[in-house]
Structure formats: structure tokens, C-alpha cells
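Residue numbers (numbering that gives the first Met the number 0): 0 to 359.
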Amino acid sequence: MGKEAITKELEKRRIPELLRLSDNTPVDTPQLWETRRKEIRDILQKECYGYIPETGWETEWETVSEEENAFGGKARMRTVDVRIRSGRGYVSYPFQLTVPKNIEKPPVFLYLSFFPLSSAEIVEEITDNGFAVARVCYQDIAPDQNDGFQNGPGSLFPGNAYDSWGKLGVWAWGLSRIMDYLVQEETIDAGRVAVVGHSRLGKAALLCGAMDDRFSLVIACESGAGGAALFRGKEGENVADLCRNFPYWFCGNFKKWQNREEELPFDQHFTAALAAPRHLYLAGAVDDEWADPLSEFLTGQAVTPVYEMLGQQGLAADRLPSTGDVFHEGRVGFHLRPGTHYMGRDDWKLFMEYRKKQGV
């Protein structure tokens, strides 16, 4: 009954097909998948996140401080200012790169954080496990408020009330400008950079990894509605809740789908599928009813046919998840931990275990 229960639960949701072009052509080759990816990107940007700028700026980076003996001499820590100019002006924001000394070219977590850089958080523990951490506070990229494109990168590319980027797109774009730096950094393995975030920042990390193919792993922790959770059949937060509480996270067109989830021309498996065939990790917590971990898990299942069509194993789950379940065998990872809406040591431990197991 394990696999059958997953299939039955997913069929109840009646989600749109991933592996079919808009003209109804079946997608059964990597070449056709690239065509489908372009269609999906366009649908998501037009109807949900807004169009994210692809050209029209210049970036430079300046090291503003360096610490050669961070965490008792175990790591090097550097604070870098990202400086971006367009025809409309200039913005900047800092990030912090911490690299363990005992590993040559370690893999990296690009971590979108709620906390200021003055907070060490869990960085020492991560570097002790052999990973570098590039950490940025989301509020430093752009304030989490409805500011009408007045602050942060939004001011460089002000938009309209319909299909211009919301704050999730702004934060995702800001992460990609840090990735521009990391791909040139010789002390880390730029081919193994994971983008990670929790809650609203999990939504932004998922969007970033969907739109930027340079990330080897995309991690969305308890990202819920507008992140990894399917809208159709979802418990807890829905489109109307998002539009009432955080309309500026999305584009204006998203508002028309309030109380119309069944009519959406997409669902969140579209966003997650853009990571394929790269590694994807979705995490939930059993008591996080607002995010709905079952709907997050089902997204992992829904994208698995794309991975399989591309010759990879997707979510290797043989049953619906129970508390404490960890699925680490495929290119789509998932865990369901005890507790509520929070990203802590247990989550990070499993993210690191997955990366070591998969070599990503």
C-alpha cells in the first residue's frame, strides 16, 4: 500500500502536467524538456513571482574585512560588499564567506538567513563538517515590506502592478549576484554550491535555484505555500492568505488566483522541477500545519517523473512520510522531522548528510 498511497494522494490533487508542452506534445527527451523549462519559467514569472531581470546591470565586489583565525583558528572569514549599478542607480549589500582551513576547495552552502551577519548562528558547526558557508541576511538585500520598488535591487528595476518581480524574486536575484562571486572564488568548489533557506527564505531559495542553473543543490526547508508545497489540496496557508498578508512577495497577477487554486495554470511542482536534473532537497516538520509537510512531500513525488525521464532517480520514497523519515537515496531528498516551523541543528545535520552521501 505504500507506493499506492502516494499515487492516490497525488492523483487527488489533479495538478497540471509537467511532461507535456503547451501544444500537448509529450515531453520525452532532454531536448524537449529544455523547451518545457522555458514554458514553465514564463508561466511562473507571469502568474506568480514576476519577471526577474536577466540583463542591465554591472556588479563589483569589495572585501571589507577579513579574519584569518575565525572560530579559534579553524576557518577564514571574509565579509564582502556586493555593489550593483544599473542605469537607474546603485545598491549594495554584504555577505560573509567562511571557509574551513582543513579542507581544500570545500563545497559551499549559500545560506539566505533571517539573522544579521553579526550573529554566528550555526556557521562553526557547518564548517567543522567540511563545508564553506556564504551567508547573507535577506533584509540586507531588500527590506521585507511593501515599498513599491523603492529599496534594494527593486529600485534598479522598478516594475508594474501586474507581472514585475516581487520580493521573493528580488531576494533570489540577490543570491545569484553572490553566486557570481563564488564561481570566481578559488578557495571553494564552485561546482558544488547549495542554495538554502527556511520558510519565506525557503521560497526564495527554491526560486533562486529554479532560475539559476549554477547551483548543484537546491534546499527549501519548510517553505510551504508559494514554496515547495502544492497549492491544490493544501492545508494551512493558501493563495488568499499570501495575498492578504504578503502581496509584495509576488507579482500583481498572483492576486487573481485567490480562492481559485484548482484553476492555476501551474502548481509548485513546476517551480521545483526546474531544478532537474540537479539535486533538490525539500524538508518538512510534522507539526508545521501552516506549511503542510504532506504537500511539500508530494511536490517531491510530482517532480520525480522528470528526473526519471532525464535518467536520474528522483524521490526514493516507498510510502507517505511519517515523523522522523529520511529519504536520501535519490536526486530529490526529503525529511520529516518532529516539531514545528523552525530550521535548526537537526535539519542542518540532515542537509550535510545528504550532501556527503550524494557527493553534491
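Just so it is clear, CB atoms sit at the ideal spot from N, CA and C, and this is done for glycine as well.
**Prompt:** For Phe333, does the three-state DSSP call read helix, strand or coil?
**Reply:** In the three-state DSSP reduction, Phe333 falls in the strand class (E or B).
**Message:** Cutting at 8 Å between CB atoms, please list the residues of its own chain near Pro304, excluding the five before and the five after it.
**Reply:** Correct list, in chain order: Leu17, Leu18 and Gly313.
**Request:** Might you give, ordered along the chain, the residues of its own chain that have their beta carbon closer than 7 Å to the beta carbon of Asp317, omitting 5 neighbours on each side?
**Result:** Within the same chain, Asp317 has close Cβ partners Gly1 and Lys2.
**Prompt:** Which ranges does the beta strand (DSSP E) cover as unbroken runs of at least 3 residues, wholly within the segment 225-308, from first to last along the chain?
**Reply:** As far as the segment 225-308 is concerned, its whole beta strand (DSSP E) runs of at least 3 residues are 278-284.
**Message:** Counting C-beta neighbours from all protein chains within 10 Å, is the total for Pro105 16 or more, i.e. buried, or is it exposed?
**Reply:** With a threshold of 16 other beta carbon atoms within 10 Å, Pro105 meets it and is buried.
**Request:** Check each candidate in Val132, Phe269, Arg336 and Thr298 and name the one with the smallest Cα separation from Asp286.
**Result:** Distance from the Cα of Asp286 is smallest, within the candidate group Val132, Phe269, Arg336 and Thr298, for Arg336.
**Gln95 burial status per 10 Å Cβ neighbour count (16 or more: buried)** = Looking at its Cβ environment, which holds 16 or more other Cβ atoms inside 10 Å, Gln95 is buried.
**Prompt:** In whole angstroms, what separates the C-alpha of Ala315 from that of Asp324?
**Reply:** Going by the C-alpha atoms only, they are around 12 Å apart.
**Asked** Whole-angstrom Cβ separation of Leu229 and Ile14, contact assumed at under 8 Å?
**Response** For Leu229 against Ile14, the beta-carbon gap comes to about 6 Å, under 8 Å, which counts as contact.
**Asked** Alpha carbon to alpha carbon, how far is Leu206 from Gly226?
**Response** Roughly 8 Å between the two C-alpha positions.
**Request:** Go to Tyr137, then tell me how far its alpha helix (DSSP H) extends in each direction, as first and last residue.
**Result:** Counting along the chain, the alpha helix (DSSP H) containing Tyr137 begins and ends at Tyr137 to Ile140.
**Request:** Note down, in chain order, each residue of its chain lying with its Cβ closer than 8 Å to the Cβ of Gly72, except the 5 sequence neighbours on either side.
**Result:** These residues qualify, in order along the chain: Lys100.
**Request:** Within the same chain, show all residues whose beta-carbon is closer than 6 Å to that of Ser112, passing over the 5 residues directly before and after it, in chain order.
**Result:** Once the five neighbours on either side are set aside, the close Cβ partners of Ser112 are Arg134 and Cys136.
**Message:** Once the 5 residues before and after Pro142 are set aside, which same chain residues still bring their CB inside 6 Å of it?
**Reply:** The answer, listed in chain order, is Asn150.
**Asked** Using 8 Å as the threshold, is the segment 256-267 in touch with the segment 173-182, meaning 3 or more CB pairs across them?
**Response** Verdict: no, contact absent.
**Prompt:** Who does Cys47 pair with in a DSSP beta bridge?
**Reply:** According to DSSP, residue pairing for Cys47 in a beta bridge does not occur.
**Message:** I'd like the span of the alpha helix (DSSP H) that includes Met178, first residue to last.
**Reply:** Per DSSP, Met178 belongs to the alpha helix (DSSP H) from Lys166 to Leu181.
**Item:** Identity of the residue in Glu61, Val331 and Phe253 nearest Arg277 by Cα
**Value:** Here the closest residue by C-alpha is Val331.
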